[in-house]
Amino acid sequence: MGEPFENSEAWKTARTLTNEVYELCSHEPLSKDFGLRDQLQRAAVSVMNNVAEGWESLHVAEKRQAYNVPDVRAGKSAP
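With the working numbering applied, the sequence shown has no gaps in its numbers, which climb one by one up to 223 at the end.
Structure below.
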């Protein structure tokens, strides 16, 4: 069995992003904007989930697709 996804740089970076998003969302004005706050947090967690899902995938093409999905989803949350 290969390395766990938690050891990958992509997942570590996604985890850092998620932590930063949660920290940012804990302060006003985002802490008061429940819709935007929740959307940003869900998008950040989705990046981590997509990296993990791609890592577990058996096919290289599926991995490439999974690694492209977080970029698109993260871009949707940007103003």
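All C-beta atoms in this analysis are idealised placements derived from N, C-alpha and C, irrespective of residue type, glycine included.
None of the values given here were measured: they were computed from a predicted structure.
Worksheet item: How close, in whole Å, do the beta carbons of L161 and V191 come, if the pair is a contact with beta carbons under 8 angstroms?
Response: In the sequence shown, the residue the question calls residue 161 occupies position 17. In the sequence shown, the residue the question calls residue 191 occupies position 47. Confirmed, about 6 angstroms.
Worksheet entry | DSSP three-state assignment for S175, whether helix, strand or coil | As a working note, residue 175 is residue 31 in the sequence shown. Helix at S175.
Worksheet entry | Where S190 falls: helix, strand or coil (DSSP) | The residue you call residue 190 lines up with position 46 of the sequence shown. Of the three classes helix, strand and coil, the one that applies to S190 here is helix, per DSSP.
Worksheet entry | Secondary structure of E147, DSSP reduced to three states | By 1-based counting over the sequence shown, the position of residue 147 is 3. E147: coil per DSSP, three-state reduction.
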